[in-house]
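Chemist: One structure follows; several queries about it will come next.
Residue numbers (UniProt numbering), protein chains in the order written: chain A, 1 to 242; chain B, 1 to 242.
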């Protein structure tokens, strides 16, 4: 048994996750002018909401699926499918989040992909898509060779956390640059910390706390599925259900 | 023996680390106007150099000390002292890096600590200082109680990687905001990707690669000191040398 119970932790993470998404939505609605899907700046406002929902909260929740203690009883397959489904929904939201910013840029004739935030964010999305495809091919396809599964498992686990680190850096740099865009010519500039700046800085710190707690839960040895290094990982998982 | 040899990895990391510091210095010298220590914008230029050197490269190197295979032979104490010394030098550079930006802000009447980058960066530095003091008190003081060492060891290890994740986010958001400051009113704005933007974006991605490789090396089970969960960690280490 873990020293710290997983259930209270997951309730806390659930609350934090809802707060991250809700506050990002509130920022969009209250300060950034609301939401639309028409290439306007209101379309851009979907970008942070969809990215925080998909790439941070759903992705983080999907990574924690195998830490649920009652998932440790066999069969493992339903939990694999839940993990794949959550990350797939996350991935769809992330693609919509990219569409939101590209459409806005294109309509406003703003160049795409110039800032370090965009380079890093796209790197995280590309790694995430590789992670999903490789995970599907290795852990769900019944004809995946055992050597591939054994070789890829630690890489998949490492990149799970590494991509989350990139996501944190992308969220922080994204919020930071949005505040500079928004408040540079404002009557109360960012440097005077108007209410919006306090709010969005606080949101950034909350996102960090959420992400670090996920990384911590993933690293905690007592919360790792006991079969993590057992024969189980070397079996094609769709065959397990037979 | 690890599947991947540590020596070539550490040579690669050494080269990448020198490149991160060297390119940050080159950015300061070639594009940002050089270096000074007089409250001018040239004083600010020490901030990225000192932070990348201390908080990324020296910190990352210090974290990897226990992954050096020939450190695994006893006594462990010299390696503990090397780890403490490297992190102490890193900490001194980080403090100087903070002085560089605060002095610059104060002289130019720019408010301190308003951006999300600054909130995150200061959080990383505060956690780093707690980490150093707690590490010293728990692992080097011979009268540190065994229960404290056993309790604190996994926390110290986790925060070692977690702080590095924060540092990556701080570096990315810092470079990103500096490029917006520098290039917003330039004849070639950031969005047109002038040479400086390419250079600094590339530097940001290099910093990410360096940091992710350190996180990967720290997570690799085969590279962990074999005694990581043995009696060794529960002994007051200064007593080991007796």
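C-beta: ideal position from N, C-alpha, C; glycine also.
Remember, it's a predicted structure, so these values are computed and weren't measured experimentally.
At which residues does the alpha helix (DSSP H) containing residue 17 of chain A begin and terminate?
Modeler: Within the first chain, residue 17 of chain A is the residue found at index 17, counting from 1. Start and end: 6–26.
Chemist: Does the CB of residue 177 of chain A have a neighbour CB from chain B at under 8 Å?
Modeler: On the first chain, position 177 is the one that residue 177 of chain A refers to. Answer yes: the Cβ-Cβ gap between residue 177 of chain A and chain B drops below 8 Å somewhere.
Chemist: Less than 8 Å between the beta carbons of residue 86 of chain B and residue 65 of chain B, yes or no?
Modeler: In the second chain, the residue the question calls residue 86 of chain B occupies position 86. In the second chain, the residue the question calls residue 65 of chain B occupies position 65. Contact: yes.
Chemist: At 7 Å on the CB atoms, spell out the chain B contacts of residue 106 of chain A, in chain order.
Modeler: One-based indexing of the first chain puts residue 106 of chain A at position 106. Residues of chain B passing the Cβ test: none, with the nearest at roughly 13 Å.
Chemist: Starting from residue 149 of chain A, trace the alpha helix (DSSP H) in both directions and tell me its first and last residue.
Modeler: Here residue 149 of chain A corresponds to residue number 149 of the first chain, with the count starting at 1. First-last of the alpha helix (DSSP H) with residue 149 of chain A: 146–183.
Chemist: Along chain B, in chain order, which residues have C-beta atoms closer than 8 Å to that of residue 216 of chain A?
Modeler: Here the question's residue 216 of chain A lines up with position 216 in the first chain. Correct list: 158 and 162.
Chemist: Pick out whichever of B:215, B:224, B:220 and B:226 has its Cα sitting closest to the Cα of residue 56 of chain B.
Modeler: Here residue 56 of chain B is taken as the residue at index 56 of the second chain, counted from 1. Nearest of B:215, B:224, B:220 and B:226 to residue 56 of chain B, Cα basis: B:215.
Chemist: Closer than 8 Å, CB to CB, is residue 153 of chain B near chain A or not?
Modeler: Reading the second chain from its first residue, position 153 is the one you call residue 153 of chain B. Output row for residue 153 of chain B: interface = no.
Chemist: Consult DSSP for residue 259 of chain A and reduce its assignment to one of helix, strand or coil.
Modeler: Outside the displayed range of chain A (1 to 242) lies residue 259 of chain A, so it cannot be described from this structure.
Chemist: Output yes if chain A places a C-beta closer than 8 Å to the C-beta of residue 76 of chain B; else output no.
Modeler: Residue numbering aside, residue 76 of chain B sits at position 76 when the second chain is read from its first letter. Taking Cβ atoms only, chain A never reaches closer than 8 Å to residue 76 of chain B, which makes this a no.
Chemist: Touching or not, the segment 106–118 of chain B and the segment 137–151 of chain B, by the rule of three or more beta carbon pairs under 8 Å?
Modeler: Verdict: no, contact absent.
Chemist: For residue 156 of chain A versus residue 135 of chain A, is the C-beta spacing smaller than 8 Å?
Modeler: On the first chain, position 156 is the one that residue 156 of chain A refers to. On the first chain, position 135 is the one that residue 135 of chain A refers to. Result yes, Cβ atoms of residue 156 of chain A and residue 135 of chain A sit closer than 8 Å.
Chemist: Strictly below 8 Å CB to CB, what residues from chain B border residue 204 of chain A?
Modeler: Taking the first chain and counting its residues from 1, the one referred to as residue 204 of chain A is at position 204. Under the 8 Å cutoff, chain B gives 116, 119 and 120.
Chemist: Given this structure, state the Cα-to-Cα distance separating residue 73 of chain A from residue 226 of chain A, to the nearest angstrom.
Modeler: Position 73 of the first chain holds residue 73 of chain A. Position 226 of the first chain holds residue 226 of chain A. When rounded, the distance between both Cα atoms is 10 Å.
Chemist: Counting only runs of 4+ residues fully inside the segment 45–77 of chain A, write out the alpha helix (DSSP H) ranges in chain order.
Modeler: Listed in chain order, the complete alpha helix (DSSP H) runs (minimum 4 residues) inside the segment 45–77 of chain A are 46–51 and 59–63.
Chemist: Can you tell me which of A:121, A:179 and A:180 puts its alpha carbon nearest to the alpha carbon of residue 50 of chain A?
Modeler: Against the first chain, residue 50 of chain A aligns to sequence position 50. Nearest of A:121, A:179 and A:180 to residue 50 of chain A, Cα basis: A:121.
Chemist: I'd like the list of long-range same chain contacts for residue 52 of chain A, defined as Cβ closer than 8 Å, with 5 residues on each side in sequence excluded.
Modeler: In the first chain, residue 52 of chain A corresponds to position 52, counting from 1. For residue 52 of chain A, where only same-chain residues beyond five positions count, the Cβ hits under 8 Å are 20, 21, 24, 171 and 207.
Chemist: The alpha helix (DSSP H) spanning residue 216 of chain B covers which residue range?
Modeler: The residue you call residue 216 of chain B lines up with position 216 of the second chain. Note, residue 216 of chain B: alpha helix (DSSP H), 195–219.
Chemist: Using 10 angstroms around the beta-carbon of residue 60 of chain A, count the other beta-carbons present and answer buried if the total reaches 16, otherwise exposed.
Modeler: Position 60 of the first chain, counted from the start, is the residue given in the question as residue 60 of chain A. With 16 or more Cβ atoms within 10 Å of its Cβ, residue 60 of chain A is classed as buried.
Chemist: Run down chain B in chain order and give the residues with a C-beta less than 8 Å from the C-beta of residue 111 of chain A.
Modeler: To locate residue 111 of chain A, count along the first chain from 1; it is residue 111. 191, 192 and 193, listed in chain order.
Chemist: Please list, in chain order, the chain B residues whose beta carbon lies closer than 7 Å to that of residue 201 of chain A.
Modeler: As a working note, residue 201 of chain A is residue 201 in the first chain. Within chain B, the residues near residue 201 of chain A are 116 and 119.
Chemist: Taking the straight line between their C-alpha atoms, what separation do you get for residue 17 of chain A and residue 213 of chain A?
Modeler: To locate residue 17 of chain A, count along the first chain from 1; it is residue 17. To locate residue 213 of chain A, count along the first chain from 1; it is residue 213. Approximately 11 Å between the Cα atoms of the pair.
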